[in-house]
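In what follows, a single structure is set out as structure tokens and then discussed.
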Amino acid sequence: MPAGCYIDGVWVPTAATFEVTDPATRKVVGVAADAGPELASTAIGAAHGAFDKWADWTAQDRAEVMRRISAELLARLDHIADVIVSEQGKPRAQAIFEVRYATQWLGWFAEEGRRAYGEVVPSHVPGKRLIVQQKPLGVAVAVTPWNFPLAMIVRKLAPAMAAGCTMVVKPAEQTPLSAVALFQAIERADVPEGVCNLVTSSSPGSLAAPLLEDPRVRKITFTGSTEVGKLLVRASATNLARVSLELGGQAPFIVFDDADLDAAVEGALMSKFQVNGQSCLCANRIFVQDAVAKDFTARLAAAVSKLKVGAGAEEGVDVGPLIDDAGLQKVEAHVADALARGANVETGGGRAVANPDGCFFEPTVLSGCTDEMMCASDETFGPVAPVLTFQTEAEVITRANHTRYGLAAYVYTRDLGRAMRASERLEFGMVGVNDPMPASPTAPFGGFKESGLGREGGHDGLEAFLEKKLVSFVC
Ligand code: NAP
Numbered sequence: 026m027p028a029g030c031y032i033d034g035v036w037v038p039t040a041a042t043f044e045v046t047d048p049a050t051r052k053v054v055g056v057a058a059d060a061g062p063e064l065a066s067t068a069i070g071a072a073h074g075a076f077d078k079w080a081d082w083t084a085q086d087r088a089e090v091m092r093r094i095s096a097e098l099l100a101r102l103d104h105i106a107d108v109i110v111s112e113q114g115k116p117r118a119q120a121i122f123e124v125r126y127a128t129q130w131l132g133w134f135a136e137e138g139r140r141a142y143g144e145v146v147p148s149h150v151p152g153k154r155l156i157v158q159q160k161p162l163g164v165a166v167a168v169t170p171w172n173f174p175l176a177m178i179v180r181k182l183a184p185a186m187a188a189g190c191t192m193v194v195k196p197a198e199q200t201p202l203s204a205v206a207l208f209q210a211i212e213r214a215d216v217p218e219g220v221c222n223l224v225t226s227s228s229p230g231s232l233a234a235p236l237l238e239d240p241r242v243r244k245i246t247f248t249g250s251t252e253v254g255k256l257l258v259r260a261s262a263t264n265l266a267r268v269s270l271e272l273g274g275q276a277p278f279i280v281f282d283d284a285d286l287d288a289a290v291e292g293a294l295m296s297k298f299q300v301n302g303q304s305c306l307c308a309n310r311i312f313v314q315d316a317v318a319k320d321f322t323a324r325l326a327a328a329v330s331k332l333k334v335g336a337g338a339e340e341g342v343d344v345g346p347l348i349d350d351a352g353l354q355k356v357e358a359h360v361a362d363a364l365a366r367g368a369n370v371e372t373g374g375g376r377a378v379a380n381p382d383g384c385f386f387e388p389t390v391l392s393g394c395t396d397e398m399m400c401a402s403d404e405t406f407g408p409v410a411p412v413l414t415f416q417t418e419a420e421v422i423t424r425a426n427h428t429r430y431g432l433a434a435y436v437y438t439r440d441l442g443r444a445m446r447a448s449e450r451l452e453f454g455m456v457g458v459n460d461p462m463p464a465s466p467t468a469p470f471g472g473f474k475e476s477g478l479g480r481e482g483g484h485d486g487l488e489a490f491l492e493k494k495l496v497s498f499v500c
């Protein structure tokens with residue numbers, strides 16, 4: 026793999042590189058270019074230089090380019106999945122899903138780019154014609170996390186390209202190789218020089234000013250923690266670049282006593298243990314109504330105890346390692362806090378001793394949890410399912426909403442009225458009713474409150490890279 030940054034259509038080597046490790050073994054699996062501020066600035070220059078031409082292309086022609094990227098990703102599906110597994114740790118089947126999911130975003134936005142319609146507005150003055158056009162914003166900078174190291178980039182790149190923007194991507198330092206694999210596909214897809222640029226780095230702080238405060242940058246799009254999101258908003262104030270943020274979550278997963286418990290257990294497994302609990306959409310607090318709490322908890326613990334833990338490359342593994350030691354320690358701290366405050370371990374509860382070389386924690390179910398515990402008041406980002414009980418609908422909605430986050434919520438019930446009421450009152454950007462996977466490239470994805478700003482996906486995802494221009498004709 027090239028250890029360079031992809032700028033203006035070529036791989037640019039850097040004097041410094043940094044090592045990338047496999048969280049399943051803590052062994053080095055590759056090196057990535059360690060770009061400094063100057064190279065970041067060069068990348069912005071390349072994107073800026075390419076913008077006018079790319080913006081002038083028709084949406085159909087841009088769509089062709091995007092479809093070629095998609096085809097290149099699918100042609101190298103096995104290789105890219107291996108790269109994701111080696112640096113992120115997720116099970117191979119989930120890595121393959123991620124590559125396919127990324128291509129769905131390219132496919133959707135290749136089409137949606139054709140629908141950047143303007144308007145003709147009736148004038149208030151005779152002889153005047155008011156025409157509203159949709160214009161691409163310009164150079165966009167994407168800063169992305171490690172949990173979906175390919176898909177999180179493509180979710181930004183696809184709408185940006187479709188809108189006619191050019192882009193500089195800065196991936197997470199834990200997972201730069203997946204980004205390199207994507208840009209190899211971009212290189213093979215014959216994307217015009219300067220439209221897509223990649224800058225990898227081990228010190229994001231040093232790139233913040235050149236990437237985010239350059240007046241040539243008109244859009245900042247970020248997925249990551251709420252804390253870093255707030256830093257980026259401050260940086261964007263320098264030139265009032267437009268900002269989209271996909272931030273942390275604290276998802277409630279509510280099981281009412283009339284729910285189909287088999288479906289609820291299956292949904293909780295999927296929502297909680299996908300990417301080892303390291304997704305912003307993961308169920309973080311599992312609220313179960315009193316009458317079914319014992320039954321649900323026993324069934325969930327039984328299902329969780331059967332999950333196979335191991336390196337993502339191993340056959341049949343359900344749950345891989347956490348991304349690094351900091352992630353592992355956070356999970357340990359949340360479990361220790363819960364136990365000290367009276368929670369019970371139903372299954373799991375400690376480091377996975379069968380896998381001492383990696384950042385493994387046993388898939389865990391805790392019962393007897395309360396709202397004050399760290400596992401119920403902070404984003405655990407790990408394989409811990411805390412079960413909390415409730416009595417009434419009004420009570421659980423109030424408790425579920427009692428968080429600074431508002432990304433995803435889940436409701437399991439067979440009562441249509443209850444489903445409607447709960448989905449209306451939950452203060453979250455996405456609500457899955459009997460559905461553990463509500464996200465789709467075709468629909469708005471994003472959060473209320475401190476979970477973000479703006480939406481990815483659907484027509485809103487395209488709008489995020491467009492700006493309206495009014496042209497008034499007197500003729
Ligand atoms: P993070 O620490 O905020 O990092 C995200 C990205 O920001 C990385 O590329 C990181 O680079 C970069 N970064 C860190 N400090 C920076 C700075 N001072 N200036 C500029 N860039 C900086 O988040 P994470 O730990 O990787 O990801 C986990 C968080 O992301 C969780 O809270 C999760 O909920 C959230 N998330 C949200 C969504 C969503 O769609 N809402 C999706 C996935 C994840 P380095 O890697 O080099 O530090």
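For what it's worth, the numbering used here labels the leading residue of the sequence shown as 26, then goes sequentially.
Glycine included, C-beta positions come from ideal geometry on N, C-alpha and C.
Only a predicted model underlies this, so the values are computations on that prediction, with no experimental measurement involved.
Under the three-pair Cβ rule at 8 Å, the stretch 381-391 counts as touching the stretch 344-362. By the 16-neighbour rule on beta-carbons within 10 angstroms, F134 is buried. Secondary structure note for E371: its beta strand (DSSP E) is the uninterrupted segment 369-372.
Secondary structure at N222: strand, using DSSP grouped into helix, strand and coil. If you look at R117, you'll find it in the alpha helix (DSSP H) that goes 117-137. Annotated three-state conformation of L478 is strand, per DSSP. Secondary structure in the stretch 370-445: the beta strand (DSSP E) runs of 3 residues or longer, each lying completely within the stretch, are 389-392, 409-415, 433-437 in chain order.
Of G132, T46, E123, P48, the smallest CA-CA separation from A84 is found for G132. CA-to-CA, the gap between V344 and G335 works out to about 6 Å.
Cα atoms of D460 and S330: separation of roughly 23 Å, rounded to the nearest angstrom.
In this structure, A425 is the residue among A425, A468, F406, G55 with its C-alpha nearest to the C-alpha of F453.
Within its own chain, the residues whose Cβ lies closer than 8 Å to the Cβ of G479, once the five positions on either side in sequence are excluded, are V268, S269, L270, G471, D485, A489, listed in chain order.
In terms of CA proximity to G431, S402 leads the group A410, G407, A49, S402. In the three-state DSSP reduction, F298 falls in the helix class (H, G or I). For the pair P116 and N301, the Cα-to-Cα distance works out to about 9 Å. Residue side-chain check: P116 keeps its Cβ at 7 Å or more from all non-hydrogen atoms of the ligand NAP.
The ligand NAP approaches E198 closely enough that one of its heavy atoms is under 7 Å from the residue's Cβ.
DSSP, read as helix, strand or coil, puts W36 in strand. M186 is classed as buried because its beta carbon has at least 16 other beta carbons within 10 Å across all chains shown. Going by beta carbons, L64 and T39 fall inside the 8 Å limit. Collapsing the DSSP output to three states places F173 in coil. In its chain, beyond the 5 residues on either side, A176 have a beta carbon closer than 6 Å to the beta carbon of Y126. The alpha helix (DSSP H) runs lying completely inside the stretch 189-257 and spanning 4 residues or more are 201-213, 229-237, given in chain order.
For the pair G407 and V342, the CB atoms are not nearer than the 8 Å cut-off.
Cβ-Cβ distances below 6 Å link V179 to A127, W130 in the same chain, with the five nearest sequence neighbours on each side left out; the list follows chain order. Every alpha helix (DSSP H) of 4 residues or more that sits fully in the stretch 47-128 is shown, in chain order, as 62-81, 84-100, 102-113. Close CB contacts of S111 within its chain, under the 6 Å cut and outside five residues either way in sequence, are with D47, V54 (chain order).
F406 has its Cβ nearer than 7 Å to a heavy atom of the ligand NAP. Around the beta-carbon of V378, fewer than 16 other beta-carbon atoms lie within 10 Å, marking it exposed. Only exposed fits P240, as fewer than 16 other CB atoms lie within 10 angstroms of its CB. Comparing C-alpha distances from Y435 to each of T322, G393, A276 shows the shortest one belongs to A276.
Look at R366 here: in three-state DSSP terms it is coil, with no helix or strand label. Within the same chain, Cβ atoms closer than 7 Å to the Cβ of S448 are found at V436, V456, V458, the five residues on either side in sequence being excluded. In the displayed model, G292 falls within a helix according to three-state DSSP.
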